[in-house]
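This report concerns only the one structure given below.
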Amino acid sequence: AQTVTQSQPEMSVQEAETVTLSCTYDTSESDYYLFWYKQPPSRQMILVIRQEAYKQQNATENRFSVNFQKAAKSFSLKISDSQLGDAAMYFCAYRPYTGTASKLTFGTGTRLQVTL
Amino acid sequence: DAEITQSPRHKITETGRQVTLACHQTWNHNNMFWYRQDLGHGLRLIHYSYGVHDTNKGEVSDGYSVSRSNTEDLPLTLESAASSQTSVYFCASSDNDEQYFGPGTRLTVT
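Protein sequence lines correspond, in order, to chains L and R. With the working numbering, letter number 103 in the first sequence gets 104, and the count goes up by one each step, no holes. With the working numbering, letter number 43 in the second sequence gets 104, and the count goes up by one each step, no holes.
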């Protein structure tokens, strides 16, 4: 069974600085997707970024980028120029690539605090 | 615009009562999922469906059931609510690509 581990329950960053959230996973599959979701106090789950395992290039979405290390099974999220609105819970998630098997396995989350 | 909705948003019930949480999506997605979110556990999969009349157990399915009579709806039923089922419940749907989440239902079992 796949597992996803987020070892940082809480992180803090100053506004305009850069922060990196860690995620590791365990799988025997060679093809899969990885995701980072943001959950602000509203509870809404918002997709931040996704990475296909077969792509060597790291995904980037504006101020959000990932460092995907397939051999190490590591998938960290870097937030640049942090803003107050980035304060939220962040969840790393794994999904098999296979056809209809689109179930997500989540990590336990990292709470990010952004300070002035 | 297509969306996924959950009702009620908040629910308080007593131990032993049957409770049904509704999930409705207008994406026309075949795949639908129910998760529960608890501190220290992230989101865990309860049940999922890949189409009408298809249902499957997730990792924490005990005490829950679902039925899929149409594409749009996947109601989650707690047959006999227990205090351990106090949680926030999320419904999601997908077309084998991105999962779209509902706003969540906070359920308290007293």
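Cβ atoms here follow ideal geometry from the backbone N, Cα and C, with glycine treated the same way.
- Of all residues in the segment 138 to 149 of chain R, those with a C-beta nearer than 8 Å to a C-beta of chain L are V149, reading in chain order.
- Judged by DSSP secondary structure, R/H85 falls within the beta strand (DSSP E) whose first and last residues are 80 to 86.
- Closer than 8 Å to the CB of R/L104 there is at least one CB belonging to chain L.
- Judged by DSSP secondary structure, L/S66 falls within the beta strand (DSSP E) whose first and last residues are 65 to 70.
- Here R/T116 is not near R/Y125, since their CB atoms are 8 Å or more apart.
- Take R/L104, set aside five residues on each side of it, and the residues of its chain with a beta-carbon closer than 8 Å to its own are Y96, R97, Q98, F151, in chain order.
- For the options L/S77, L/T106, L/Q3, L/Y98, the alpha carbon positioned closest to that of L/T28 is the one of L/Q3.
- Taking all protein chains in view, the Cβ of L/A72 is surrounded by fewer than 16 other Cβ atoms within 10 Å, so the residue is classified as exposed.
- Bridge pairing for L/T111: L/Y91 [DSSP].
- In this structure, L/F107 and L/A89 do not form a Cβ contact; the two beta carbons are roughly 15 Å apart against a cut-off of 8 Å.
- If the five residues before and after L/V5 are omitted, its C-beta is found closer than 7 Å to the C-beta atoms of C24, Y26, C93, A94, Y95, T106, F107, G108, all from its own chain and listed in chain order.
- Contacts between R/S155 and chain L, judged by CB atoms closer than 7 Å, involve S103 in chain order.
- Taking the beta carbon of R/G165 as reference, the chain L residues within 7 Å of it are R44, listed in sequence order.
- Between the beta-carbon of R/F94 and that of R/Y111 there is about 10 Å, and that puts the pair past the 8 Å contact cut.
- Taking the Cα of R/V113 as reference, the smallest distance to any Cα among R/G77, R/H102, R/N89 is reached at R/N89.
- Comparing alpha carbon positions, the residue from R/D158, R/H85, R/T74 closest to R/S130 is R/H85.
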